[in-house]
Every structure is written in structure tokens, then in C-alpha cells.
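Written below as C-alpha cells is the structure these notes are about.
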């Protein structure tokens with residue numbers, strides 16, 4: 001205690017005492033004045049009434065609002081479905097934890113609670129392993145410790161007063177000083193009761209009521225801290241065991257992937273970082289995919305002669321998207337083409353961040369399209385570690401909807417006032433139903449003439465609404481490739497360094 005006072009400074013302690021002296025004397029002078037004026041009993045009654053009213057209001061507020069403080073740790077926005085499933089298990093564990101089960105002062109209990117959370121997440125990702133907790137590499141474990149420690153350091157420095165000055169020894173001495181003060185408080189209350197027995201009942205009642213109110217608030221804070229601890233451990237466990245954690249600090253989208261770089265070179269576009277958004281156009285032959293590329297870019301860059309038949313190559317076109325992202329529009333052969341077999345289709349879909357499904361409004365048979373779409377959806381259901389790209393249906397050729405000879409755009413498709421407009425909306429709704437697409441993700445366009453109908457703002461607006469989701473898909477896609485590249489890069493570095501070490505030792509022996 002003396003060391004702590006010496007570190008704080010005796011002169012500074014005297015300055016604090018002098019500053020607060022008037023406040024310490026004021027209650028005593030107030031009691032003397034109440035005694036002399038004969039209002040002491042009234043003051044006691046007001047004190048008891050206010051305490052009772054405050055306690056009652058506390059219980060009313062507690063019964064009216066059972067909402068917990070919102071958690072600070074949230075699941076990652078870019079997480080795929082399997083990570084959200086793991087997060088649900090973490091949330092269930094956090095919601096069931098209480099300070100009575102796991103007191104915050106019990107370091108051992110908190111350690112085992114954190115380990116149980118880790119094991120639950122590890123078992124989710126490695127259900128067939130006997131000891132799933134060990135299914136991680138040493139560098140990744142050290143990286144998680146480093147990141148968590150960095151965040152914890154920032155939280156302590158920003159929110160704990162004098163944490164940057166107090167040493168661990170000073171904190172230990174302060175805790176002993178607090179324990180001494182708690183013991184002396186009992187003697188103080190006993191002595192005060194002997195000197196002033198008339199007010200001791202009211203004082204103890206007020207103290208008990210205040211402690212109950214503050215105790216409930218303290219319990220809420222402790223519950224929040226405990227559950228936040230579980231969520232934080234679960235968050236990092238998901239990052240660790242999901243296999244997405246990179247050892248390097250580079251943001252995954254900062255550099256262009258090999259596939260995008262090759263397609264940029266083929267299209268004679270300048271390769272720029274970050275990784276562009278990859279928008280894939282799919283549909284049957286002569287559905288208007290190439291015309292849609294030209295309409296989006298604003299110039300005829302893709303051959304769109306309907307008599308030429310289906311293109312047999314995959315061609316990428318660079319486009320400066322309206323959201324500020326560099327975009328690769330990837331035009332594909334028709335779904336019925338041999339050039340777009342299942343393996344090629346799967347590769348392109350899994351490498352896409354957003355898919356435009358182009359289909360004519362007046363096509364009668366969509367069975368083949370439904371089969372392909374169901375196959376694509378099945379790929380993502382079977383692999384929940386991938387996040388499916390947004391799918392937008394582009395319904396082309398709406399200018400031919402009845403009455404076919406009438407075509408005087410623009411048409412309002414929100415509240416159509418003409419038979420043509422109402423039939424266009426009906427056609428889009430029918431396409432959505434047949435292909436299991438939400439109507440809000442289906443857009444009617446016409447690509448005839450010099451001015452395409454409803455590409456801007458209609459289609460561009462729907463695409464803009466899906467940009468955030470497309471960026472999350474891009475992040476996961478780049479993470480997967482960076483992790484694969486990182487594996488081979490570190491392996492090559494380790495082999496090279498090991499060879500150099502062996503060669504150096506062999507040279508010293510010679």
C-alpha cells in the first residue's frame with residue numbers, strides 16, 4: 001500500500017484531499033442544519049420514499065424491457081453458409097452462459113469455457129476427426145493469438161484508465177488495498193451505528209436498495225462481457241478452422257487472380273488491381289447475351305449477329321462498372337453448346353461473383369434452363385463453404401410482347417398504365433416462376449435499336465443492389481485462391497531454405 005501511495009505521490013494525494021474537503025464537510029453541516037430546524041424526520045421520510053420509488057421504477061423497467069445489450073462481435077459479412085451454421089452454435093452457447101455458471105473472476109473456468117467453444121467449432125469443421133481441436137497448423141494458431149492480443153491491447157489502452165501507466169505490481173497492491181478497505185468498511189458502519197443509532201435503519205435500507213439496483217446492472221454487464229468473450233473466441237475459431245485464414249497481411253482482392261489476368265490479356269485490357277468483379281452471362285443460344293454486353297459497355301465490342309449462331313468460345317470484356325469496381329463481363333457459349341460442358345460450366349460459375357441469366361420473354365420451353373439452374377444450385381448446396389453469387393434474370397425481347405406492333409418506350413413497369421406494360425410485367429413474373437427466381441431479381445429489357453430499353457437504370461439498378469453481395473463472393477473466391485497459392489509458395493520457400501541450410505552445413509564439413 002505504501003508503494004502504491006508513493007507511486008501516486010503524497011503531495012498529489014494531499015491536493016486531492018484538499019480539493020474534496022468542502023464536499024466532505026457539506027453533508028455534516030446539512031445534518032446539523034436539519035437537526036436544528038426540526039426537519040430531520042421529514043428528510044428521513046423523503047429519503048425512504050425516494051429510495052422506495054427508485055427501487056419500484058427499477059423493477060418496472062426490468063419487467064418492461066428484457067432486451068440484452070447488442071453484441072459487439074458479429075459474424076463476418078463474407079462468411080459462407082457453413083460458417084453461419086458454426087456461428088449459430090457459438091450464439092447458442094453464448095446465450096446459455098450466465099455469470100453464475102462462469103464467474104468472470106474464475107480464470108480457470110473461463111479457460112475451459114473458451115476451450116469448449118473452440119472444440120465445438122472445430123468439431124463442426126472436422127466432424128470425423130477424433131481430436132478436431134488439433135486440426136490446425138502452428139503458424140495459424142500463432143497468427144490468431146497475435147491478432148486477438150492486438151485487439152485486446154487496443155481495447156485496454158482505449159477504455160481502461162491509466163492502463164498505460166499502472167504496472168502489474170501496482171494493480172496487485174491496489175487489489176490488496178481494496179480488500180483492506182472492504183474490511184474497514186464493516187468497522188466504520190458499526191461505529192457509525194453506535195454514534196448515530198437513529199439513522200442507521202434508513203441508511204442500511206438505502207444501501208441495500210442501491211446495491212440491488214446496481215447489482216442488477218452489474219449482472220447485466222457481466223453477462224454481456226461473458227457472452228462477448230464466447231463470441232470473440234467463436235469468431236476467431238471459425239476464421240481458424242474454416243481454412244480461410246491467410247498467414248500474410250495482404251488483402252485478398254489487392255492483386256489480380258490468374259484467371260482474371262489471363263482474360264484481361266486476351267481482351268487486350270490493362271490488368272489493374274484490385275481483382276475485378278466477374279459477371280458471368282449465361283443463357284441459351286441467341287438469347288441476347290452479346291447484345292447485352294454491348295448495351296452495358298455502351299459500344300459494339302461483342303459480335304451480336306443473330307444469324308451467326310452460338311459462339312463457341314468464352315470471351316471476357318472489361319467494363320468500368322457503375323459502382324466504381326473494375327468488371328469483367330464474361331460471355332459464354334449457349335447452354336446447349338458442346339463448348340459449355342458441365343466441367344466448363346462449373347468452373348465458370350464457381351469463378352463468378354454475379355450471374356446474369358439471359359432468357360427471351362417469348363420462349364415457350366424452359367425445361368433445359370430449369371435443369372441447368374437446379375444443377376448450379378445443387379453445387380452450392382453440396383458445398384456450403386462457398387457463397388453462391390447473386391443471380392439476376394434478364395428477360396430480353398419484351399418489345400415482342402403483345403400487342404407486338406406496339407412499341408413506344410418508355411413503359412412504366414412499377415404501375416403499368418397500358419396493356420403493353422401490363423403484359424411485360426406478366427411475362428417477367430412468369431419467367432421468374434418458371435426459373436424459381438424472385439421477381440425483384442428479374443428485369444425486362446429490349447436490346448433492339450440504338451437505345452436499349454430498361455438497361456439503364458432498370459438492370460443497372462438491380463445489379464447495383466447486389467454489388468455488396470457480389471463483393472463478398474469475390475472476397476471468398478480470392479481467399480480460396482490466395483490460400484492455395486500461399487500453400488505452394490511457403491512450401492517452395494521451405495524447400496529452398498532447407499536446401500541452402502544443408503548445403504551450408506555440407507560446405508563447412510568439407
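Residue numbers (our numbering): 1 to 510.
We treat Cβ as the ideally placed atom computed from N, Cα and C, and that holds for glycine.
All of these numbers come straight from a predicted model, not from anything done at the bench.
DSSP three-state assignment for residue i, whether helix, strand or coil
i           : result
residue 395 : strand
residue 36  : helix
residue 330 : strand
residue 493 : helix
residue 220 : helix
residue 400 : helix
residue 102 : coil
residue 315 : strand
residue 233 : helix
residue 370 : helix
residue 253 : helix
residue 447 : coil
residue 301 : coil
residue 320 : strand
residue 26  : helix
residue 470 : helix
residue 413 : coil
residue 278 : strand
residue 194 : Because the pLDDT at residue 194 is just 48, under 50, the model does not fix this residue reliably, and the value given afterwards should be weighed accordingly. Helix, per DSSP.
Exposed unless 16 or more other CB atoms sit within 10 angstroms - verdict on residue i
i           : result
residue 252 : buried
residue 115 : exposed
residue 527 : An answer regarding residue 527 cannot be provided, because it is not within the stretch 1 to 510 covered by the chain.
residue 492 : exposed
residue 145 : exposed
residue 415 : exposed
residue 472 : buried
residue 357 : buried
residue 291 : buried
residue 336 : exposed
residue 482 : buried
residue 478 : buried
residue 453 : buried
residue 197 : The pLDDT assigned to residue 197 is 48, lower than 50, so where the model puts this residue is not dependable; a value taken from the coordinates is nonetheless given after this. So residue 197 counts as exposed.
residue 402 : exposed
residue 299 : exposed
residue 421 : buried
residue 499 : exposed
residue 404 : exposed
residue 232 : buried
residue 65  : With a pLDDT of only 47 at residue 65, under 50, the local geometry of the prediction cannot be trusted, and no value is derived from it.
residue 369 : buried
residue 463 : buried
residue 387 : buried
residue 294 : buried
residue 354 : buried
CB-CB length for residue i against residue j, believed under 8 Å
i           : j           : result
residue 120 : residue 93  : 7 Å
residue 80  : residue 384 : 6 Å
residue 96  : residue 124 : The Cβ separation is near 17 Å, so there is no contact.
residue 266 : residue 316 : 7 Å
residue 348 : residue 376 : Wrong, their Cβ atoms sit about 10 Å apart, outside the cutoff.
residue 122 : residue 241 : 5 Å
residue 459 : residue 288 : Not a contact, Cβ separation roughly 12 Å.
residue 275 : residue 260 : 6 Å
residue 467 : residue 78  : Actually they do not touch by this definition, with Cβ atoms about 14 Å apart.
residue 328 : residue 278 : 5 Å
residue 486 : residue 246 : 6 Å
residue 40  : residue 34  : 4 Å
residue 398 : residue 430 : Actually they are not in contact, since the Cβ atoms of residue 398 and residue 430 sit about 12 Å apart, beyond 8 Å.
residue 439 : residue 432 : 5 Å
| task | Taking 8 Å as the threshold, find out whether the region 442-458 comes into contact with the region 393-411 through three or more Cβ pairs. | result | yes
| said: Any contact between the region 311-329 and the region 220-227? By contact I mean 3 or more CB pairs, one from each, below 8 Å. | reply: no
| Whole alpha helix (DSSP H) elements within the region 85-140, 4-residue minimum | 107-125
| request: Would you check if there are 3 or more beta carbon pairs closer than 8 Å linking the region 282-295 to the region 331-346? | output: Verdict: yes, contact present.
| message | Runs of 3 residues minimum, wholly inside the region 333-388: which ones carry the beta strand (DSSP E) assignment? | response | 354-360, all fully within the region 333-388.
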